[in-house]
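Heads up: the protein sequence lines correspond to chains A and B, in order. Residue numbering for the first sequence follows the numbering used here, starting at 7 and increasing by one per position. Residue numbering for the second sequence follows the numbering used here, starting at 3 and increasing by one per position. Note sheet for the following structure.
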Amino acid sequence: MRNSSNADFEKAVADFQYDVASAQRHRDGLDRENWARTEARARFRDWGAARAAGAAIRDADLLHLERRLADFAARFESAGGRLHWAPSAGDAREALVRIAKEAGVRSCVRGLSSTLEEIGADEALGTSGVAVRHSQFGDMVNHLRGGRPSHMLHPAMHLSREEVGETLHAKMGSPTTSNPEEQVALVRKSLRESFLQADMGLAGASFLLAEEGKVALVEHEGNLRLIASMPRVFVVVAGIEKVTESVSDLPLLLQLVGASAGGTALPSGVSLIGPDTPRACGETAVMHLILVDNGRSLLLADTASAEALRCVKCGACADICPVYRMAGGRAYGSVLPGPIGAVLTRHLMPARGAQALPLATPLCGACGDVCPVGIDLHRALVSQRREMPPASRGWKVNAMLRLHERMMSSQARYNRGTRIVRILAVLADLTRKTSFNPLSDWMRHRTLPETPKKTFRGWWKSTAGATSSAARKDKA
Amino acid sequence: MSRKSEPADGREIIMARIREASKAAGLRAATPMPAYDGRNGLPEPHADRGGRISAFARRMEELRTSFVLCDTLQDAAEGMAALCERAKWRRLGVQSSPFVGDVLAGLPGGVERVTADKGKSALGACEAGIVECRAMDAQTGAVVVGAENGALEVSACAPTLVVFGRAHRLAGSLDEAIRVAGSPGGLTLFTGPSMTYGAERRPVASGHGPTSLVIYLILAEK
Numbered sequence: 007m008r009n010s011s012n013a014d015f016e017k018a019v020a021d022f023q024y025d026v027a028s029a030q031r032h033r034d035g036l037d038r039e040n041w042a043r044t045e046a047r048a049r050f051r052d053w054g055a056a057r058a059a060g061a062a063i064r065d066a067d068l069l070h071l072e073r074r075l076a077d078f079a080a081r082f083e084s085a086g087g088r089l090h091w092a093p094s095a096g097d098a099r100e101a102l103v104r105i106a107k108e109a110g111v112r113s114c115v116r117g118l119s120s121t122l123e124e125i126g127a128d129e130a131l132g133t134s135g136v137a138v139r140h141s142q143f144g145d146m147v148n149h150l151r152g153g154r155p156s157h158m159l160h161p162a163m164h165l166s167r168e169e170v171g172e173t174l175h176a177k178m179g180s181p182t183t184s185n186p187e188e189q190v191a192l193v194r195k196s197l198r199e200s201f202l203q204a205d206m207g208l209a210g211a212s213f214l215l216a217e218e219g220k221v222a223l224v225e226h227e228g229n230l231r232l233i234a235s236m237p238r239v240f241v242v243v244a245g246i247e248k249v250t251e252s253v254s255d256l257p258l259l260l261q262l263v264g265a266s267a268g269g270t271a272l273p274s275g276v277s278l279i280g281p282d283t284p285r286a287c288g289e290t291a292v293m294h295l296i297l298v299d300n301g302r303s304l305l306l307a308d309t310a311s312a313e314a315l316r317c318v319k320c321g322a323c324a325d326i327c328p329v330y331r332m333a334g335g336r337a338y339g340s341v342l343p344g345p346i347g348a349v350l351t352r353h354l355m356p357a358r359g360a361q362a363l364p365l366a367t368p369l370c371g372a373c374g375d376v377c378p379v380g381i382d383l384h385r386a387l388v389s390q391r392r393e394m395p396p397a398s399r400g401w402k403v404n405a406m407l408r409l410h411e412r413m414m415s416s417q418a419r420y421n422r423g424t425r426i427v428r429i430l431a432v433l434a435d436l437t438r439k440t441s442f443n444p445l446s447d448w449m450r451h452r453t454l455p456e457t458p459k460k461t462f463r464g465w466w467k468s469t470a471g472a473t474s475s476a477a478r479k480d481k482a
Numbered sequence: 003m004s005r006k007s008e009p010a011d012g013r014e015i016i017m018a019r020i021r022e023a024s025k026a027a028g029l030r031a032a033t034p035m036p037a038y039d040g041r042n043g044l045p046e047p048h049a050d051r052g053g054r055i056s057a058f059a060r061r062m063e064e065l066r067t068s069f070v071l072c073d074t075l076q077d078a079a080e081g082m083a084a085l086c087e088r089a090k091w092r093r094l095g096v097q098s099s100p101f102v103g104d105v106l107a108g109l110p111g112g113v114e115r116v117t118a119d120k121g122k123s124a125l126g127a128c129e130a131g132i133v134e135c136r137a138m139d140a141q142t143g144a145v146v147v148g149a150e151n152g153a154l155e156v157s158a159c160a161p162t163l164v165v166f167g168r169a170h171r172l173a174g175s176l177d178e179a180i181r182v183a184g185s186p187g188g189l190t191l192f193t194g195p196s197m198t199y200g201a202e203r204r205p206v207a208s209g210h211g212p213t214s215l216v217i218y219l220i221l222a223e224k
């Protein structure tokens, strides 16, 4: 279990902050991305209208999910595809291993996909004797280092070019270079044989097109096109929420994703592939799709959090989040770091220990504002905080919440409480560097605001405000 | 091809869960459906042909894609022959289509043409790939390539991808481009060469797909 508590998260954040250079690279990357995103959104005639339309398309898909899935299944299967329904992650793993065994698969090349991580695809294939190679550059480097991802689309963004060069040299025996172009060229050369020789290609999908029975693969590197076209067996693993009505929804959704994920008009590569797409250079090629529920249908019934299923996995909410900015992505311990990860990880990957993640947000609402499909992440996070088991919040937070609840539930207690809090604030400031102060960790880098001489109520009584409110009462 | 390898209950379980979730109607209560026109917020489409061509040329420059405007098919064929000479290409992966055959008519002798049916390894050893374009979008700079006749494999493998398209297939918006492209077995939309965001999240041109992209746009319809 990873990051099961607030304390683990805090420790991971402290480690991240001590690595000053990595933290700075992380923030620089976010600044560049947020700026590019702002410019890309400015190219729209009306970003707000486009975003509302994107939200409406995704909502309609979720409202008619059963029909969309039935339509997709009929088209996909009639085109010769093999569809596997997986109510749980375990079912998805079983289906994947069965496909590999039946087809005699010994080697597999895969793309970056949070759904593949969610179901534990690597472990399942590995224990069945299938060699798996990651093909997305950052994902591959991260995998070679055995590290956690720092972003859902850019898992190695926290690494320097020197660190990447050292990893490629140590793990792949390539010449040491810190030139990014040379590094990418080395990986391209090394992986090309894998694409040509692999028995199976494995990928996640960005969208499933119900009317056409096709999957939409969205990428920047071109690895997914190779995965889809070269191996004799092609397996896509996708959540049930990925289905959308038809290809006519894609122009809008893709432009929203392009602007939000990379600050571009479109992602650099989008492929629409189905079982009837000619592939594998004329050899017999089979396409499988594993449709995964694994908690999504439960999330669909959740009034406050169902919108999270609209997510198009652009990563914009993480990029803008002040906590993600200071904490780095690896502290979340999830393949989906950031606010959307805090909502989805608890439902889709509870074993990864994400109970405390809804606390990793200041509830400023920036994540919801930047979301290209208008997910009200603020609302979902508040709701998830309410549902958190008390133990996952830590004793300090629980004690303070209980005290706050008591204080706010009676006027007399509130009046007494405000007087006590004023005294405590002075004491807290005096003992800020001592272990007696329960807020000493927090106050190490922060100062409490200066305590005013009077409480608000005291000040109000001493001003004309009290006279005018008394007069209003008399009038009434 | 068998239809289902899975016990039917996987599907039934999921569909039953979705029906149950729909009864709770959390989503319906939370997010009322707004009336919308899916395109009303997107960038303005280009209506006239001249505007489309100049907008497309600008986008190609932004996307670091070489753009060549040709009056006729003959001009495009001559341009391709010259490019092949300059780059010293000896093996080209080619889509099997009459149009591609025409634009490659002027290739110098000794240049091998490899089609997808020659196999993956042969295709993987090619220095460039030549395909025909089903549609282009002036607004986003997307070039839509089909999957038929080996186009998917050729375009996936080639380090340099050369795409030939006709001006009447240049659309004013992505929506229109997808309609113009029609519905072959599969489609790929290229918006510039492949990019990789590796260390420090800095974009690096190149990845596993084409590291450079060349577009020939032919004005003549025949």
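Ideal Cβ placement from N, Cα and C applies to all residues, glycine included.
query                                                                                                                                                                                                       : result
If you measure beta-carbon to beta-carbon, which residues of the segment 138–149 of chain A are closer than 8 angstroms to chain B?                                                                         : Ser141, Phe143, Gly144, Val147
Kindly say whether Thr142/B, judged by its beta-carbon, lies nearer than 7 angstroms to any beta-carbon of chain A.                                                                                         : yes
Tell me whether the beta-carbon of Val165/B lies closer than 7 angstroms to the beta-carbon of Val145/B.                                                                                                    : yes
In the structure shown, what three-state DSSP assignment does Ser24/B receive?                                                                                                                              : helix
Hey, could you find the ends of the alpha helix (DSSP H) Gly53/B is sitting in?                                                                                                                             : 51–64
For chain A, check one thing: does any of its Cβ atoms lie closer than 7 angstroms to the Cβ of Glu223/B?                                                                                                   : no
Which chain A residues sit within Cβ distance under 8 angstroms of Ile132/B?                                                                                                                                : Under the 8 angstroms cutoff, chain A gives no residues; its nearest Cβ is about 16 angstroms from Ile132/B.
Tell me the DSSP secondary structure of Ala59/A in three-state form.                                                                                                                                        : helix
From the beta carbon of Met163/A, is the nearest beta carbon of chain B less than 7 angstroms away?                                                                                                         : yes
Relative to the C-alpha of Leu75/B, which residue among Gly103/B, Cys86/B, Arg61/B is closest?                                                                                                              : Gly103/B
Using 7 angstroms as the threshold, is the C-beta distance between Gly60/A and Val379/A below it?                                                                                                           : yes
Taking a Cβ distance cut-off of 7 angstroms, strictly less, list which residues of the segment 18–29 of chain A are near chain B, in chain order.                                                           : none
In the DSSP assignment, find the unbroken beta strand (DSSP E) run with Tyr218/B in it and report its ends.                                                                                                 : 214–220
Going straight from the alpha carbon of Arg194/A to that of Glu227/A, what length do you get?                                                                                                               : 10 angstroms
Considering just the uninterrupted stretch of the alpha helix (DSSP H) at Val182/B, what are its terminal residues?                                                                                         : 176–183
Got a sec: which bits of the segment 44–56 of chain A sit with their beta carbon under 8 angstroms from any beta carbon on chain C, in order along the chain?                                               : Within the model displayed, chain C is absent; protein chains A and B are what it includes.
Could you spell out where the alpha helix (DSSP H) holding Glu187/A opens and where it closes?                                                                                                              : 186–203
Could you tell me which uninterrupted alpha helix (DSSP H) segments, each at least 4 residues in length, are contained entirely in the segment 12–84 of chain A, listed from first to last along the chain? : 12–24, 26–48, 53–69, 71–84
Are the C-beta of Met178/A and some C-beta of chain B separated by less than 7 angstroms?                                                                                                                   : no
Taking just the CA atoms, how far does Ala98/A sit from Gly245/A?                                                                                                                                           : 10 angstroms
Cβ of Val249/A less than 7 angstroms from any chain B Cβ?                                                                                                                                                   : no
Shortest alpha-carbon distance to Leu436/A belongs to which of Arg450/A, Met355/A, Gly347/A?                                                                                                                : Arg450/A
In or out: His170/B buried (at least 16 other Cβ within 10 Å) or exposed?                                                                                                                                   : exposed
What's the gap between the Cα of Ala32/B and the Cα of Ala57/B?                                                                                                                                             : At Ala32/B the pLDDT is 48, less than 50, meaning the model places this residue with poor confidence and gives no usable figure here.
Mapping DSSP to helix, strand and coil, what is Val379/A?                                                                                                                                                   : coil
To which residues does DSSP link Val147/B through a beta bridge?                                                                                                                                            : Cys135/B, Thr190/B
Does the distance from the CB of Gln142/A to the CB of Leu165/A come in under 7 angstroms?                                                                                                                  : no
Whose Cβ in chain A lies nearer than 7 angstroms to the Cβ of Phe58/B?                                                                                                                                      : The contacting residues do not exist; Phe58/B stays about 12 angstroms from chain A at best.
How about Ala165/B: is its C-beta nearer than 7 angstroms to some C-beta of chain A?                                                                                                                        : Ala is not the amino acid found at residue 165/B; the sequence shown has Val there. So no, Val165/B is outside the interface.
Taking the continuous alpha helix (DSSP H) assigned at Ala402/A, which residues delimit it?                                                                                                                 : This sequence places Lys at residue 402/A; Ala is not what is there. From DSSP, the alpha helix (DSSP H) with Lys402/A extends over 401–414.
Would you mind working out which of Val182/B, Leu71/B, Ala118/B sits nearest Ala160/B, comparing C-alpha positions?                                                                                         : Ala118/B
Quick one: list the residues of chain B neighbouring Ile246/A, beta-carbon separation under 7 angstroms, in chain order.                                                                                    : Ile16
Under 8 angstroms between beta-carbons, which chain A residues line up against Ser208/B? List them in chain order, please.                                                                                  : Glu187, Val190, Ala191, Arg194
Taking CB distances under 7 angstroms as the criterion, tell me whether Ser1/B reaches chain A.                                                                                                             : In the structure displayed, chain B extends from 3 to 224; residue 1/B sits before or after that span and is not available.
Quick one: using the 10 Å Cβ neighbour count with 16 as the cut-off for buried, is Ala477/A buried or exposed?                                                                                              : exposed
Distance cutoff 7 angstroms, beta carbons only. Does Pro45/B sit that close to anything in chain A?                                                                                                         : yes
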